[in-house]
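In our numbering, the protein residues as written are 2 to 313. All C-beta atoms, glycine included, are put in the ideal place defined by N, C-alpha and C. Computed from a predicted model, the values in this text were never measured in an experiment.
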Amino acid sequence: MNIPFSQPIWLLAGSLICLLLILYLRMAAMGRHRALSRFIAPKIGRKLTANVSGFRRRTKTILFLLAFFACFLALAGPQYGEQWIEVKQKGIDILFGLDTSRSMLADDIQPNRLQRAKLAVKDFVALLDGDRVGLMPFAGTSFLMCPLTTDYAAFTASLDAVTPASIPMGGTNLAEVITKADKSLAGEANHKIFILVTDGEDLQGQALQSAEKAAEQGMTIYTVGVGTKSGELIPDTKNGAGFLKDKAGNFIRSRLDEQILKKIAESTGGIYVPLGNMGQGFTTIYQQKLKLVPREEHQERKQRQPIERFYW
């Protein structure tokens, strides 16, 4: 039967110390024997020690060593069985709004805007511990794909499933996703953070007004700009080749609109950052802002914990 230990280093320490004790006791016994033989003849020595029980002495030594090692065994914390315990978690609530419009397929950052944004969000979530995260993809409309959760594996699975086909309505409606994010975070007692990941091409307008209303409800928006100012053509995935054209037959070039994203963030007390080729914009948000936000208890969850069979 394999019994785990919470602090197995104590087993090694106990074994080494017991080995040293055995060597010490052995050498001490040999020293006593040599000292006795120097002053008393062997025949007389045997007569004097005839009533001394070697078995009893060895038994006492073994019992002493076992008791001594048992102390280290207790320190090592042997575990057997499991129990459910309630664990209180501290954190903040972070909702990601991820742009899935066709302009996010432009490849002015590699492999394309959407894929780079998804990779950056994954890396960002890996920095978190106890914070709840949620996902709201959007284009012409939006929906809550992953409610707030501390199950980062479930969040990542939802993130992996996001494609431009996730939202049937084309376009980019920043105002709606901000409003829906505000409603999704309503009633939460913790710090409410909305991270808007987009190229900033707001085709519907009214985004700034929605952000100001959300700020009144205590929501802070951090905007992450995906793409470049020079822009890139948008692949025509519907026809499988070429690039999208407007009604006049001209190629559509999608450019990062930083101005609207800066205004949205500033109106709520957040900051704007460009995503960057390696997703370093998220690191800036975490190090400069979110890392400093005080965490609050937001829920209790049950967790299986091994039962320690000895207590020190």
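Residues that DSSP places opposite residue i in a beta bridge
{"i": "Tyr273", "result": "Thr224"}
{"i": "Pro138", "result": "Leu99"}
{"i": "Lys91", "result": "Glu298"}
{"i": "Thr150", "result": "Val134"}
{"i": "Gln8", "result": "The partner list for Gln8 (beta bridge, DSSP) is empty, contrary to what the question assumes."}
{"i": "Phe69", "result": "DSSP output for Phe69 lists no bridge partner at all."}
{"i": "Ser104", "result": "For Ser104, which the question treats as bridged, DSSP gives no partner whatsoever."}
{"i": "Phe156", "result": "Beta-bridge pairing links Phe156 to no other residue."}
{"i": "Phe252", "result": "Lys246"}
{"i": "Ser143", "result": "Phe139"}
{"i": "Pro79", "result": "Phe6"}
Distance CB(residue i)-CB(residue j) smaller than 8 Å
{"i": "Gly201", "j": "Leu262", "result": "yes"}
{"i": "Val122", "j": "Ile95", "result": "no"}
{"i": "Asp274", "j": "Val225", "result": "Position check: residue 274 holds Val in this sequence, whereas Asp was assumed. In contact: Val274 and Val225 (Cβ atoms closer than 8 Å)."}
{"i": "Ile253", "j": "Ile272", "result": "no"}
{"i": "Met137", "j": "Leu186", "result": "no"}
{"i": "Phe283", "j": "Asp124", "result": "yes"}
{"i": "Lys264", "j": "Leu197", "result": "no"}
{"i": "Gly280", "j": "Arg117", "result": "yes"}
{"i": "Phe70", "j": "Cys19", "result": "yes"}
{"i": "Ile222", "j": "Ala266", "result": "yes"}
{"i": "Ile23", "j": "Arg296", "result": "no"}
{"i": "Ile110", "j": "Gly228", "result": "yes"}
{"i": "Glu309", "j": "Gln84", "result": "no"}
{"i": "Phe65", "j": "Trp11", "result": "no"}
{"i": "Asp237", "j": "Leu245", "result": "yes"}
Presumed contact (8 Å Cβ cut-off) between residue i and residue j, rounded CB distance
{"i": "Thr269", "j": "Ala212", "result": "6 Å"}
{"i": "Phe144", "j": "Asn174", "result": "Not quite, the Cβ-Cβ distance comes to about 12 Å (not below 8 Å), so this is no contact."}
{"i": "Thr164", "j": "Thr101", "result": "7 Å"}
{"i": "Glu233", "j": "Ala107", "result": "4 Å"}
{"i": "Ser104", "j": "Ile235", "result": "6 Å"}
{"i": "Gln218", "j": "Asp183", "result": "6 Å"}
{"i": "Leu26", "j": "Thr62", "result": "6 Å"}
{"i": "Arg256", "j": "Lys239", "result": "So it is not a contact: roughly 22 Å between Cβ atoms."}
{"i": "Gln90", "j": "Glu298", "result": "7 Å"}
Environment of residue i [buried if 16+ CB atoms lie within 10 Å]
{"i": "Lys119", "result": "buried"}
{"i": "Asp152", "result": "exposed"}
{"i": "Arg59", "result": "exposed"}
{"i": "Ile179", "result": "buried"}
{"i": "Ile168", "result": "buried"}
{"i": "Gly188", "result": "exposed"}
{"i": "Asp132", "result": "buried"}
{"i": "Ser159", "result": "buried"}
{"i": "Leu276", "result": "buried"}
{"i": "Leu67", "result": "exposed"}
{"i": "Leu149", "result": "buried"}
{"i": "Phe156", "result": "buried"}
{"i": "Leu128", "result": "exposed"}
{"i": "Lys248", "result": "exposed"}
{"i": "Phe56", "result": "exposed"}
{"i": "Lys292", "result": "exposed"}
{"i": "Ala166", "result": "exposed"}
8 Å Cβ cutoff, residue i in contact with chain C
{"i": "Ala266", "result": "Of the protein chains in this structure there is only one, and it is not chain C."}
Starting from the N-terminal side, write out each stretch of the alpha helix (DSSP H) that is 4 residues or longer and does not extend beyond the stretch 180 to 246. 208 to 217
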